[in-house]
Amino acid sequence: MTSLKAEPPGPVRSLNEFFALAHAMESDAVARYRETAKLLRQQGAIELAALFEDLAQAERGHVDQVNAWAEHAKAAPPAKSPLPWAIPDTHDAPPDELALSKLLTPYGALASAVRHEERSFAFWTYVAAHAPNEEVKSAAERMALEELEHVATLRRQRRKAFHAEESGKAPPSVSVSLRSLAAFEQKLADYIELHPVMVAGEEFTRNVVAQSRRSAQLITEAATAERPILTLASIPEQKQDDATALSEYLVDAYLRFAEASTDPKMLDLTQDLAAKAICRLATLRLGAAQSTPN
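The sequence shown begins at 88 in the working numbering and counts up by one.
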């Protein structure tokens, strides 16, 4: 089960605050999925755009459920009630990053949606555990159970997508340790060194290569890098020599390892690697955009 990125800053003190948060979180998911669908459709990724439109429609139904629940409970209208604090970030990435992905598949999109619902479940479980009164506790527990139902529904859809991609000879999922990612860092450094046109300028090339080799060294030196073992989708064969795709894969891998880390040293390491990999991916995308003819 995917965990929260950060603990909420405080308790939810009333049903009005509860419904305001629930409405805002579900509405945020609608907006994110719709924006992702729009960007993907502009790129001609029609199948993926349709999938995100379906996800947005499902989340719109959740918004309606929250509104009906609040009305039945005689609470204030959720959309007009003040939030106790900013809603948590329960998504893997913002719409523009998802739409730019070179590795996104229907299975990957649904897996990301599953993780979103799992983080929402973790959030409402936390709210219930720290509720100052029984009505907020009961409401948060009910919301957590509903998020679990959403997880189960999306997991079924994800399994169908997996089998569909498997029959189409999509790349299989593989077991990965953090230490095994050092080889990807070395491969990325070697590839960029041989193809500097991928990066905007010699200085960018040197910096990206040096950062990749440094990351590989940090992983190799880490005493705990053999655990945990995560199951990740492998990189498609046609993307094995794509620097941006390799970098994107490493970003996702480091973030997944950070979420799974229970050891403080491992958490610090994976978060540091993820931050560096995110900057590198942005650099590579900038370089690719600058080298593309207008």
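Positions of the beta carbon are idealized from the N, C-alpha and C atoms, including for glycine.
Under the three-state DSSP convention, the category Ile365 falls into
helix
Alpha carbons only, please: which of Asp151, Glu205, Ala340 and Pro98 is nearest the one belonging to Glu221?
Pro98
Just to confirm my understanding: we take Ser334, look at its own chain, exclude 5 residues before and 5 after, and list those with CB closer than 6 angstroms. What are they?
Arg367, Leu368 and Leu371
Enclosing alpha helix (DSSP H) for Thr307 [first to last residue]
Glu289 to Glu308
Taking the alpha-carbon positions, what's the Ala227 to Lys363 distance?
36 angstroms
Quick one: what does DSSP say Thr177 is sitting in, helix, strand or coil?
coil
Which whole-angstrom value is the C-beta distance of Ala330 and Ile279, which I expect to be below 8 angstroms?
6 angstroms
Does DSSP put Ile279 in a helix, a strand or coil?
helix
May I have the straight-line CA-CA distance separating Lys224 from Trp211, to the nearest angstrom?
9 angstroms
Do Leu265 and Ile306 have their C-beta atoms within less than 7 angstroms of each other?
yes
Buried or exposed: which applies to Trp156, given that a residue is buried once 16 or more other Cβ atoms fall within 10 Å of its Cβ?
buried
Indicate the three-state DSSP secondary structure (helix, strand or coil) for Val238 in the structure shown.
helix
Would you kindly work out how many angstroms separate the C-alpha atoms of Pro315 and Pro351, rounded to a whole number?
13 angstroms
Per-residue DSSP class, three states only, for Ile322
coil
Apart from the five residues just before and just after Arg300, which ones in its own chain have a Cβ nearer than 8 angstroms to its Cβ?
Glu272, Gln273 and Ala276
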